[in-house]
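Peer 1:
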DNA sequence: CCATTTTAGATATATTCTATAATAATTATC
DNA sequence: GATAATTATTATAGAATATATCTAAAATGG
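Chains as they are written, first to last, in the numbering used here: chain A, 1260 to 1432; chain B, 1260 to 1432.
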């Protein structure tokens, strides 16, 4: 038998069924203990990342941009004249998966593929004027709502320290 | 016309095709500039999380445990007598998706579902002896290889500060 | 120049993760 | 006892992620 001998004892601890979120709370189930989970960096990293992305989506919802799309537009603005492989590679996006993503951006007229004259296999990615405008508005929303909220929570110095450590992990780990 | 007037100029900057990673490097493409992307917390958060999970998988590969599976086993050990809804909810896993995950753990005899005597709708989750043993080995691998590597990269004080900030974001953001 | 190899983008496809709706069994509430 | 709510489950759909293959074009080496 592989089940713990204390299974019956475990059962005894199980609370009887009660209506939850229903007033006095005297019979509400106890919150679970995270225990060693709270010392596991990867766990908090993942939970924090989900929260941050969630907030990003809310803040930039008027422009209908995902974090990944925003990162592409930012990269195109900063690096004109680059092709799909270079942009996708820098962002850690696999080339096949980048195709549909670009289709989406291009169909919304945020960027265009331009056949390179130097190497006719490749597409230079170009921000459209609309793409530039949307990006500018997105930057303002992100700075004013999203990053501002993080700053309020952590404080500017902590936020900078956090960013530096995350970048170091992303780079060197 | 929506395409930037400088598209032709952008094209001019595109490097001619060259063999990459091929010796002298005089003609290698320049690395892309991240620009404002490196100030976006969510971006570094995501990239760091991927690296950390990747390393976790490597370190604990002999036991064939994913981060999510490890977190379930940890939580079962710390919180005996809980049912599926409570465990899944604490980890942010949706109940329907938790079913297949438990099937996997149960088929490997790492935990078992025990019908609760108090509420016969629910399954109390119980770590098996094998589950306890695997968890103990996993903890050692994680501490000795995974978290040790993070400590070496950041230093213990920074690692603690990072963890505290991530937990705060996960909790309060 | 020509044959071979390599690369860029695209397509197809598989896997995993995530999310919602609906169902059966059981329990709670009126 | 009738109605509503809850647990676990199934089915399913969508997104993210991964690999192999195809074509057109370009580079390489004779």
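Where a beta carbon is used, it is the ideal one built from N, C-alpha and C, also for glycine.
Looking only at C-alpha atoms, which of 1343/A, 1348/A and 1425/A sits nearest to residue 1375/A?
Peer 2: Nearest option by C-alpha distance: 1343/A.
Peer 1: For the region 1359 to 1390 of chain A, which residues have a beta carbon sitting closer than 7 Å to at least one beta carbon of chain B?
Peer 2: Taking 7 Å as the Cβ-Cβ cut-off against chain B, the residues of the region 1359 to 1390 of chain A that qualify are 1368, 1371, 1373, 1375, 1376, 1377, 1378, 1383, 1385, 1386, 1387, 1388 and 1389.
Peer 1: If you draw a straight line from the C-alpha of residue 1394/A to the C-alpha of residue 1335/B, how long is it?
Peer 2: 46 Å
Peer 1: Between the alpha carbons of residue 1304/B and residue 1389/A, how many angstroms are there, rounded?
Peer 2: For residue 1304/B and residue 1389/A, the gap between their C-alpha atoms comes out near 29 Å.
Peer 1: Between the C-alpha atoms of residue 1400/B and residue 1319/B, what's the straight-line distance to the nearest angstrom?
Peer 2: 6 Å
Peer 1: Suppose contacts are defined by Cβ-Cβ distances below 8 Å. Is residue 1424/B in contact with residue 1417/A by that definition?
Peer 2: yes
Peer 1: Just how far apart, CA to CA, sit residue 1286/B and residue 1339/A?
Peer 2: With a pLDDT of only 48 at residue 1286/B, under the threshold of 50, the placement of this residue in the model should not be trusted, and no figure is reported.
Peer 1: In angstroms with no decimal places, state the Cα-to-Cα distance between residue 1331/B and residue 1350/B.
Peer 2: About 8 Å.
Peer 1: Verify whether the separation of the beta carbon atoms of residue 1301/A and residue 1326/B is less than 8 Å.
Peer 2: yes
Peer 1: Please classify residue 1497/B as buried or exposed, where buried requires at least 16 other C-beta atoms within 10 Å of its C-beta.
Peer 2: No answer is possible for residue 1497/B: the residues shown for chain B start at 1260 and end at 1432.
Peer 1: Cβ of residue 1319/B less than 8 Å from any chain A Cβ?
Peer 2: So no, residue 1319/B is outside the interface.
Peer 1: Look up residue 1382/B in the DSSP assignment and give the residues it is bridged to.
Peer 2: 1374/B
Peer 1: Which residue or residues does DSSP assign as beta-bridge partners of residue 1342/A?
Peer 2: 1383/A
Peer 1: Terminal residues of the continuous alpha helix (DSSP H) containing residue 1331/A?
Peer 2: 1326 to 1337
Peer 1: Which same chain residues, not among the five before or five after residue 1408/B, have their C-beta less than 7 Å away from its C-beta?
Peer 2: 1314
Peer 1: Which of helix, strand or coil does DSSP assign to residue 1299/B?
Peer 2: coil
Peer 1: Going along the chain, which residues of the region 1335 to 1356 of chain B sit with their C-beta nearer than 9 Å to a C-beta in chain A?
Peer 2: 1336, 1337, 1338, 1339, 1340, 1341, 1342, 1345, 1346, 1348, 1349, 1350 and 1351
Peer 1: Does the beta-carbon distance from residue 1386/A to residue 1431/B come in below 8 Å?
Peer 2: no
Peer 1: For residue 1308/A, return the contacting residues in chain B, with the cut-off set at a CB-CB distance below 8 Å.
Peer 2: 1301, 1304, 1305 and 1308
Peer 1: Considering only their Cβ atoms, is the gap separating residue 1367/B from residue 1291/A smaller than 8 Å?
Peer 2: no
Peer 1: Please report how far the alpha carbon of residue 1369/B lies from the alpha carbon of residue 1410/B, in whole angstroms.
Peer 2: 30 Å
Peer 1: Is there a C-beta anywhere in chain B that falls below 8 Å from the one on residue 1292/A?
Peer 2: So yes, residue 1292/A belongs to the interface.
Peer 1: Please decide whether residue 1311/A counts as near chain B, where near means a Cβ-Cβ distance under 8 Å.
Peer 2: yes
Peer 1: For the alpha helix (DSSP H) that residue 1358/B lies in, which residues bound it at each end?
Peer 2: 1354 to 1366
Peer 1: Does the separation of the CB atoms of residue 1429/B and residue 1310/A fall below 8 Å?
Peer 2: yes
Peer 1: Is the Cβ of residue 1427/B closer than 8 Å to any Cβ of chain A?
Peer 2: yes
Peer 1: Count the other CB atoms within 10 Å of the CB of residue 1296/B; is the residue buried (16 or more) or exposed (fewer)?
Peer 2: buried
Peer 1: Rounded to a whole number of angstroms, what is the C-alpha to C-alpha distance between residue 1322/B and residue 1299/A?
Peer 2: 18 Å
Peer 1: Under 8 Å, Cβ to Cβ, is there at least one residue of chain A near residue 1407/B?
Peer 2: no
Peer 1: Give the secondary structure of residue 1432/A by DSSP, where H, G and I count as helix, E and B as strand, and everything else as coil.
Peer 2: In the three-state DSSP reduction, residue 1432/A falls in the coil class, being neither helix nor strand.
Peer 1: Of the residues that make up the region 1414 to 1425 of chain B, which ones have a beta carbon closer than 8 Å to any beta carbon in chain A?
Peer 2: 1417, 1418, 1420, 1421, 1422, 1424 and 1425
Peer 1: Taking residue 1402/A as the reference, give the member of 1329/A, 1289/A and 1288/A with the closest Cα.
Peer 2: 1329/A
Peer 1: Report the three-state DSSP secondary structure of residue 1320/B (helix, strand or coil).
Peer 2: helix
Peer 1: Tell me whether residue 1371/B is buried or exposed, calling it buried when 16 or more other Cβ atoms sit within 10 Å of its Cβ.
Peer 2: buried
Peer 1: Taking the alpha carbon of residue 1364/B as the point to measure from, which residue in 1384/B, 1380/B and 1317/B has its own alpha carbon closest?
Peer 2: The option with the nearest alpha carbon to residue 1364/B is 1384/B.
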